[in-house]
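Student: Count the sequence shown with the numbering used here and you get residues 166 to 602, in order.
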Amino acid sequence: MSPLALHGGKPVRTQRFPAHNFIGQEEKSAVLRVLDSGILSQFLGTWHEDFYGGKAVRELEAAWAEFVHVKHAVSVNSAASGLLAAVGAAGIGPGDEVIVPPYTMSATATAIVNYGGVPVFADIQADTFCLNPESIRQKITSRTKAIMVVHLFGHPADMDEIIFLAHEHGLIVIEDAAQAPGAIYKHRPVGSLGDMTVFSLNYHKHIHSGEGGVVSTGSDHFAERLQLIRNHGESVVEGKGVKDLVNTFGFNLRMTEVTAAIALEQLRKLPRLLDQRIANADFLSKHLGALPGIQAPVVRAKCKHVYYVQPFLFDEPKVGVPRDRFIEAVNAELPTAEDRDEPLLSAGYQKPLYMLPMYQQQLAFGKSGFPFRSPHYQGKVDYHKGICPVTEAVEENRMMLSEYMRPPSTLKDMQDVVTAFVKVYEQRKSLAETAAV
């Protein structure tokens, strides 16, 4: 075997991996139909038939609701907007607590802050990286109003236990499924489990429309609230006959007809794209997970993992090389993709949210400390390092995230990935020696 590329040897592969781009003729034709219609958006922020948007928006919403087996889907201009609307629809306000994982994108928690609620961070499970129900139980107080679940990396959270806790304490369950379209939990699609589920159509997700999002719900009540918040509800409630005005004031969170037309074509492609993504991930899990000290992602019984990214756990004492050094060596053996500048293998995901300055200093709105310190909030939230030890250990020492499984890469491409990992692994002793110098 040739020396490691990091040590001047020949890399396993020089040709870049293919771009993750599935915008094709279907999307182009759909956009042209919208352009030819002359109606690029059909929302009106008053009580009118067009309060619900135009043809393409309604078609996308109907198709998405059918896809996840629920009654309603409400489109928005981003998943962050969807999270904001879902928190508002749940009736969250100043002084309320919402339990959320710290291992997620920042918008999951800031959606809570935007309504004056206080995020309370519960720890994750060490295998799925989703909320640990036992940690949730320990965090519930009389001020808790909801649980924000994140189906991180594409594997569903432990929803039976979480929904049981929610029913036991009268809590609303909001799911952040930005990374999990098409995921399955015990034969049920993610999007049909909690009270509201938020999906993303951001450009680097499984499917995309540039920006965009969809919120699914089986509840007429929550669907109406989502629609009011999406589209200037304060101007609509009187004509619509809405009596409960809590959190019904709205924003412009609306999706355009062009965006909806693209998203609908992308949704039609999703099953095929997931099949290829899962096949690639399964191949990598089988071969890379056979290397002692590299743990492939868990897929629990009756669940479908859709691999937004593929998380591997690295055990430095077993491998004998620091995680970051091992990743550096693999990245020297393999190029990135045609649509990327960054490598397709990275160390960690992101530091726990509670370590961000906003939480450490408890400053969000103005200088007074609202919502963390205000007359409305009777609790005392804890954001010190150490509150979620599993999250911290996974991020700081163990997490490796792979994006090699992205379609249209094939199993032949995955073999190059395996070859590179094995090459680095077999020469890990020399790698460790150079790391120590």
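We put the beta carbon where it would ideally sit given N, CA and C, even for glycine.
Everything numeric in this text was worked out from a predicted model, so none of it was measured.
When you compare the region 573 to 580 with the region 168 to 175, are there three or more beta-carbon pairs, one atom per stretch, that lie closer than 8 Å?
Tutor: Counting Cβ pairs under 8 Å, fewer than three are found: no touch.
Student: Give me the Cα-Cα distance between Gly398 and Pro540, rounded to the nearest whole angstrom.
Tutor: In the sequence shown, residue 398 corresponds to position 233, counting from 1. In the sequence shown, residue 540 corresponds to position 375, counting from 1. Cα to Cα, Gly398 sits roughly 28 Å from Pro540.
Student: Let me make sure I understand the geometry here. Which of Val495, Ala446, Asn367 and Glu507 has the alpha-carbon closest to that of Ser246?
Tutor: Residue 246 sits at position 81 when you count from the first residue of the sequence shown. Nearest option by C-alpha distance: Asn367.
Student: So if DSSP puts Ile427 in a beta bridge, which residue, or which two residues, is it bridged to?
Tutor: Sequence index remark: in the sequence shown, residue 427 carries index 262 (1-based). Ile427 is not bridged to any residue.
Student: Got a sec, what are the start and stop residues for the beta strand (DSSP E) His237 sits in?
Tutor: Here residue 237 corresponds to residue number 72 of the sequence shown, with the count starting at 1. Its beta strand (DSSP E) spans residues His237 to Val241.
Student: For Pro436 and Ile349, what's the separation of their Cα atoms in angstroms?
Tutor: Position 271 of the sequence shown holds residue 436. Position 184 of the sequence shown holds residue 349. Using only the alpha carbons, I get a separation of about 12 Å.
Student: Helix, strand or coil for Ser539, going by three-state DSSP, please let me know.
Tutor: Counting from one through the sequence shown, the residue named residue 539 turns up at place 374. It is coil, neither helix nor strand.
Student: Check whether the Cβ of Pro183 lies closer than 8 Å to any heavy atom of the ligand NAD, and answer yes or no.
Tutor: Summarising the ligand content, the structure contains no ligands, and the ligand NAD is consequently not present.
Student: Alpha carbons only, please: which of Ile459, Ala276 and Thr501 is nearest the one belonging to Ala529?
Tutor: Residue numbering aside, residue 529 sits at position 364 when the sequence shown is read from its first letter. Comparing Cα positions, the closest option is Ala276.
Student: Which word fits Phe329, buried or exposed, when buried means at least 16 other C-beta atoms lie within 10 angstroms of its C-beta?
Tutor: Here residue 329 refers to the residue found at position 164 when the sequence shown is read from its first residue. Answer is exposed; the Cβ neighbour count stays below 16.
Student: Look at the alpha carbon of Ala426 and the alpha carbon of Val196, and state the distance between them as a whole number of angstroms.
Tutor: As a working mapping, residue 426 is identified with position 261 in the sequence shown. As a working mapping, residue 196 is identified with position 31 in the sequence shown. When rounded, the distance between both Cα atoms is 6 Å.
Student: First and last residue of the alpha helix (DSSP H) that includes Ile492?
Tutor: Locating residue 492 in the sequence shown gives position 327, counting from the first residue. Start and end: Arg488 to Glu498.
Student: Closest to Arg505 by CA distance: which of Pro168, His185, Arg178 and Glu591 is it?
Tutor: The residue you call residue 505 lines up with position 340 of the sequence shown. For Arg505, the nearest C-alpha among the options comes from His185.
Student: Is Arg433 near Glu224, with beta carbons less than 9 Å apart?
Tutor: Numbered from its first residue, the sequence shown carries residue 433 at position 268. Numbered from its first residue, the sequence shown carries residue 224 at position 59. Cβ distance not < 9 Å, so Arg433 and Glu224 don't count as in contact.
Student: Would Gly404 and Thr211 qualify as a contact pair, given that the criterion is a beta-carbon distance under 9 Å?
Tutor: Position 239 of the sequence shown holds residue 404. Position 46 of the sequence shown holds residue 211. Taking 9 Å as the Cβ cut-off, Gly404 and Thr211 qualify as a contacting pair.
Student: Could you give the distance in angstroms between the alpha-carbon of Leu248 and the alpha-carbon of Ile337?
Tutor: Here residue 248 refers to the residue found at position 83 of the sequence shown. Here residue 337 refers to the residue found at position 172 of the sequence shown. Distance between the alpha carbons of Leu248 and Ile337 is about 13 Å.
Student: Within the same chain, show all residues whose beta-carbon is closer than 7 Å to that of Gly219, passing over the 5 residues directly before and after it, in chain order.
Tutor: Taking the first residue of the sequence shown as 1, we reach residue 219 at position 54. Once the five neighbours on either side are set aside, the close Cβ partners of Gly219 are Ile204, Ser206, Gln207 and Glu422.
Student: Should Met570 and Tyr514 be called a contact, given that it needs their Cβ atoms to be closer than 9 Å?
Tutor: On the sequence shown, residue 570 is found 405 positions in, with the first residue counted as 1. On the sequence shown, residue 514 is found 349 positions in, with the first residue counted as 1. Result no, Cβ atoms of Met570 and Tyr514 do not sit closer than 9 Å.
Student: Could you pull out every residue in the same chain whose Cβ sits closer than 6 Å to the Cβ of Pro321, ignoring the five residues on either side in sequence?
Tutor: As a first step, residue 321 is located in the sequence shown; it is residue number 156 there, counting from the start. Hits under 6 Å: Ala348, Tyr350, Val355 and Cys468.
Student: Sort out for me which residues DSSP pairs Phe586 with in a bridge.
Tutor: Mapped onto the sequence shown, residue 586 falls at position 421. Phe586 is not bridged to any residue.
Student: I'd like to know whether the C-beta atoms of Ile327 and Val265 end up nearer to each other than 9 Å.
Tutor: The sequence position of residue 327 within the sequence shown is 162, counting from 1. The sequence position of residue 265 within the sequence shown is 100, counting from 1. Not a contact, by the Cβ cut-off of 9 Å.
Student: What whole-angstrom Cβ distance do Tyr542 and Val283 have, given they're in contact under 8 Å?
Tutor: The residue you call residue 542 lines up with position 377 of the sequence shown. The residue you call residue 283 lines up with position 118 of the sequence shown. Rounded, the Cβ-Cβ distance is 6 Å, consistent with contact.
Student: Can you pull the DSSP bridge partners for Asn396?
Tutor: Within the sequence shown, numbered from 1, the residue matching residue 396 stands at position 231. DSSP output for Asn396 lists Asn417 as bridge partner(s).
Student: State yes or no: is the C-beta of Arg490 within less than 9 Å of the C-beta of Ala597?
Tutor: The sequence position of residue 490 within the sequence shown is 325, counting from 1. The sequence position of residue 597 within the sequence shown is 432, counting from 1. Yes, the Cβ-Cβ distance between Arg490 and Ala597 is below 9 Å.
Student: Is there contact between the region 291 to 304 and the region 442 to 454, where contact requires at least three CB pairs shorter than 8 Å?
Tutor: No, the region 291 to 304 does not touch the region 442 to 454.
Student: Going along the chain, which residues of its own chain have a beta-carbon closer than 8 Å to the beta-carbon of Ser271, five neighbours each way excluded?
Tutor: As a working mapping, residue 271 is identified with position 106 in the sequence shown. The answer, listed in chain order, is Leu518 and Leu521.
Student: Please name the residue in Asp261, Arg465 and Arg419 whose C-alpha comes closest to that of Gly544.
Tutor: Working through the sequence shown from its first residue, we reach residue 544 at position 379. It is Asp261.
Student: Hey, would you say Ser567 sits closer than 9 Å to Leu510, going by beta carbons?
Tutor: Start at 1 with the first residue of the sequence shown, and residue 567 comes out as number 402. Start at 1 with the first residue of the sequence shown, and residue 510 comes out as number 345. Result yes, Cβ atoms of Ser567 and Leu510 sit closer than 9 Å.
Student: Between which two residues does the beta strand (DSSP E) harbouring Gln475 extend?
Tutor: In the sequence shown, residue 475 corresponds to position 310, counting from 1. Gln475 to Phe479 is the extent of the beta strand (DSSP E) around Gln475.
Student: Roughly how many whole angstroms lie between the Cα atoms of Val546 and Pro267?
Tutor: Locating residue 546 in the sequence shown gives position 381, counting from the first residue. Locating residue 267 in the sequence shown gives position 102, counting from the first residue. Computed Cα separation, rounded: 14 Å.
Student: Could you give the first and the last residue of the continuous alpha helix (DSSP H) run that contains Phe558?
Tutor: Taking the sequence shown and counting its residues from 1, the one referred to as residue 558 is at position 393. Per the sequence shown, residue 558 should be read as Ala rather than Phe. Start and end: Pro554 to Ala558.
Student: By the DSSP assignment, the alpha helix (DSSP H) with Ala512 in it spans what residues?
Tutor: Taking the first residue of the sequence shown as 1, we reach residue 512 at position 347. Not the alpha helix (DSSP H): Ala512 falls in the beta strand (DSSP E), residues Leu510 to Ala512.
Student: Identify the continuous beta strand (DSSP E) that holds Ala343 and give its terminal residues.
Tutor: Within the sequence shown, numbered from 1, the residue matching residue 343 stands at position 178. Run containing Ala343: none; DSSP gives neither H nor E here.
Student: Do you know how far the Cα of Ser533 is from the Cα of Ile492?
Tutor: Against the sequence shown, residue 492 aligns to sequence position 327. Against the sequence shown, residue 533 aligns to sequence position 368. Their Cα atoms are separated by approximately 43 Å.
Student: For Leu438 versus His386, is the C-beta spacing smaller than 9 Å?
Tutor: Here residue 438 refers to the residue found at position 273 when the sequence shown is read from its first residue. Here residue 386 refers to the residue found at position 221 when the sequence shown is read from its first residue. Contact flag unset, no.
Student: Using the Cα positions of Val380 and Ile394, report the straight-line distance between them to the nearest angstrom.
Tutor: As a first step, residue 380 must be located in the sequence shown, where it is residue number 215. As a first step, residue 394 must be located in the sequence shown, where it is residue number 229. Going by the C-alpha atoms only, they are around 12 Å apart.
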